[in-house]
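All remarks here apply to the structure that follows.
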Amino acid sequence: MSTYNLASLLEDSTANYPERTAIVMGDTRLSYAQINGAANQVANLLASKGIGAGDRVALMSPNLPYFTMIYFGILKAGATVVPLNVLLKGREVAYHLKDSDAKALFAFQGTPELAIGAEAHAGAQEAGVEDFFLITADPAAPSPIEGVTTLGQGIGTQPPTFETVATDEDDTAVILYTSGTTGQPKGAELRHRNMRDNAMAGADLFAADAERPDTYLAVLPMFHAFGQSVVQNGAFAFGGTVVLLPRFDAAAALATMIKEKVTFFAGVPTMYWGLLGALSDDVDVATLAENLRLAVAGGSALPVEIHKEFEKRFGVSILEGYGLSETSPVASFSVYGQPVRPGSIGVPIPGVEMKLIDPASWDEVDWTPDTIGEIAIKGHAIFKGYYNRPEATAEVLTEDGWFRSGDLAKRDEDGWYYIVDRAKELIIRGGFNVYPREIEEVLLTHPAVSLAAVIGVPHDSHGEEIKAVLVLKPGASATPEEIVDWAKEQMAAYKYPRIVEIVDALPMTATGKILKRELK
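If you're matching positions, the sequence shown starts at 1 in UniProt numbering and goes up one per residue.
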């Protein structure tokens, strides 16, 4: 047994640099000691509720200091963090809570436009989760939901010291919800060592140095693997500073990068597209470029033209990487200090192996520069499995540790990989994974819908947009606009289809499988 708790990322940097700024948001600046003390209060709160080693605790918050405090507080208590997308509706929250067997939920209040807390509370009630804590913008404010305890009330009397629960490095630290192209989202269990090694990989990937710490701009949601592991955990592993933006706005991001002298920017391709589009004569590009040391991209393929234009305007090449929730998430990256190869996701990170396999047989394909195969991955990044889903785990993970990604790629003679196609059904809209069958099943609950097929169609800024092709029930009537408005109320904002087409029939195979390729 090897004892390790992921909370050590925060604790070690607190011990070494207690007064160094850990988190910045607007005019608020919080030191490592302050974040660690608040995390200890959260851990004490959980312990007072009998929540500890092996329990699951959900967290539903945008990029706010509270996310980091609660995240590490859950870990300190020995529990598992279950980060949830803040756009989920009540019934979706309930599903995730039930599926993960969560014992508690922390959720941000939100705004009138995005009532995160109300949806989270509704989901907690449906799932029977009694320990619900509402994160209010003002910790001293009373709870706007009757009978609900706020975070401020919960931790107000808790001491800022706590003895972190010892966990084995193979225990589950985080459950990240993902999905294949069919069925409901599944919880990928990531060990403490998975998350530790992925965060520490920054030393090799990005020349991270605790004596010359980077300042990271956190515009990627930290409830997702990329923002959580590369930005938050990667920064804390080397005593860096995380500058938070709760919502991506290109103009605000540029202004913040200049003000805070950001050295490390991580984003999905649509964010780079947005930054370029927000440039104007009022933006001090020279100062921004002077400070910026690293720009990294992931989530989906970065268009070569955006890559070239960003390098031209900012003087920094974008390092592209690749990974999935199941790989903690980083599996490969372009090599820092070497010339970039636009369109490439780089090479496997240290401690990780990759190969191309035949999707049908799982056998490694005979390599040539033009050979296309499915990416398989092995090493410290690979997850434990899907929570309570051994059969789903066996579909993607071999007994000797190879994980099949579902993504097709080529490899050049130097070992650099190039994605040529993604999993057949998966849609990536603005960096968010959207799973067609989940959307289809919701659409089929509409009283007028008989059959539904959901596909991704090209979109200039989002990469892909969600389109639903529907067959209505005999005698039923509904307009595409009515379906869109209905779907908007049923699903998170990144999921519902913006484009709806109503047809008389869908193309099918002889066995009744819808031919989505023909729809595209």
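All residues carry an ideal CB built from backbone N, CA and C; glycine is no exception.
On the premise that residue j lies in contact with residue i, defined as a C-beta separation below 8 Å, what is that separation, rounded to the nearest angstrom?
i: I35; j: A53; result: Contact doesn't hold; Cβ gap of about 23 Å is too wide.
i: F226; j: V86; result: With a Cβ gap of about 16 Å, F226 and V86 do not count as contacting.
i: G187; j: D214; result: The Cβ separation is near 31 Å, so there is no contact.
i: I427; j: I466; result: 6 Å
i: V330; j: N194; result: Actually they are not in contact, since the Cβ atoms of V330 and N194 sit about 11 Å apart, beyond 8 Å.
i: E108; j: G117; result: According to the sequence provided, residue 108 is Phe. The question's Glu does not apply to it. That pair is a contact at about 6 Å.
i: Y32; j: S13; result: 5 Å
i: S334; j: G321; result: 7 Å
i: T172; j: G78; result: Actually they do not touch by this definition, with Cβ atoms about 11 Å apart.
i: Y494; j: R404; result: 26 Å between Cβ atoms; not a contact.
i: G379; j: G351; result: 5 Å
i: F132; j: A124; result: 5 Å
i: V469; j: S450; result: Incorrect: roughly 12 Å between the Cβ atoms, too far for contact.
i: I175; j: R56; result: 7 Å
Can you pull the DSSP bridge partners for residue i?
i: Y417; result: G346 and R411
i: F106; result: L59 and F133
i: F403; result: I377 and L397
i: R389; result: In DSSP, R389 forms no bridge with anything.
i: R498; result: Beta-bridge pairing links R498 to no other residue.
i: L470; result: A452 and I502
i: G323; result: V330
i: G463; result: H459
i: L176; result: A188
i: T215; result: T241
i: T80; result: R56
i: T368; result: T368 is not bridged to any residue.
i: I23; result: L30 and V242
Is DSSP giving residue i helix, strand or coil here?
i: T509; result: Residue placement at T509 is poorly supported in this model, since its pLDDT is 49, which falls under 50; the coordinates still yield a value, given next. In this structure, T509 counts as coil in the three-state DSSP scheme.
i: L444; result: coil
i: K261; result: coil
i: G117; result: helix
i: R429; result: strand
i: G52; result: coil
i: L244; result: strand
i: T3; result: strand
i: D168; result: strand
i: S13; result: helix
i: I455; result: strand
i: G187; result: strand
i: R193; result: helix
i: K355; result: strand
i: I483; result: helix
i: G267; result: strand
i: L64; result: coil
i: L75; result: helix
i: S8; result: helix
Give the straight-line distance between the Cα atoms of residue i and residue j, rounded to the nearest whole angstrom.
i: P303; j: A137; result: 38 Å
i: V296; j: A15; result: 29 Å
i: D485; j: I439; result: 14 Å
i: V93; j: L84; result: 8 Å
i: A250; j: G277; result: 8 Å
i: Y272; j: A286; result: 17 Å
i: V499; j: I455; result: A small correction: the amino acid at residue 499 is Ile; Val does not occupy that position in the sequence shown. When rounded, the distance between both Cα atoms is 10 Å.
i: A39; j: L97; result: 22 Å
i: P339; j: L205; result: 14 Å
i: A237; j: P474; result: 59 Å
i: S8; j: T80; result: 15 Å
i: K478; j: P507; result: As written in the sequence, residue 478 is Ala, which differs from the Lys given in the question. If I take the Cα positions, the gap works out to 21 Å.
i: T149; j: I306; result: 46 Å
i: L6; j: Y496; result: 35 Å
i: L30; j: V24; result: 6 Å
i: A235; j: H446; result: 45 Å
i: P142; j: T28; result: 22 Å
i: M491; j: E211; result: 45 Å
i: F72; j: N233; result: 10 Å
i: L254; j: K308; result: 19 Å
i: G512; j: Y386; result: Since pLDDT at G512 reaches only 42, below the 50 mark, its modelled position is unreliable, and the value read off the structure follows with that caveat. Spanning the two alpha carbons is a distance of roughly 29 Å.
i: Y418; j: G323; result: 13 Å
i: S461; j: R91; result: 29 Å
i: G180; j: A392; result: At G180, the pLDDT of 46 sits below 50, so the modelled position is not reliable; the number obtained from the coordinates is stated separately. Their backbone Cα atoms lie some 9 Å apart in a straight line.
i: S2; j: Y177; result: 26 Å
i: Y4; j: D282; result: 48 Å
i: L356; j: E425; result: 20 Å
i: P18; j: D412; result: 46 Å
message = Assess contact between the region 235-251 and the region 57-76, defined as three or more Cβ pairs (one per stretch) separated by less than 8 Å. Is contact present?
response = Verdict: yes, contact present.
inquiry  = Using 8 Å as the cut-off, can you tell me whether the region 254-267 makes contact with the region 283-299, which would need three or more C-beta pairs spanning the two stretches below that distance?
reply    = In this structure the region 254-267 lies against the region 283-299, because at least three pairs of beta carbons, one per stretch, are closer than 8 Å.
request  = May I ask you to verify whether the region 307-319 touches the region 352-369, counting CB pairs closer than 8 Å and requiring at least 3?
outcome  = Counting Cβ pairs under 8 Å, fewer than three are found: no touch.
Segment contact flag, the region 145-158 with the region 41-51, C-beta cutoff 8 Å, min 3 pairs = As far as the Cβ criterion goes, the region 145-158 touches the region 41-51, which means the pair count is three or higher.
query = Is there contact here, the region 431-449 with the region 364-375, by at least three beta-carbon pairs under 8 Å?
reply = Verdict: no, contact absent.
task = Take every Cβ of the region 368-379, pair it with every Cβ of the region 398-417, and state whether three or more of those distances are shorter than 8 Å.
result = Because the criterion of three Cβ pairs below 8 Å is met, the region 368-379 and the region 398-417 touch.
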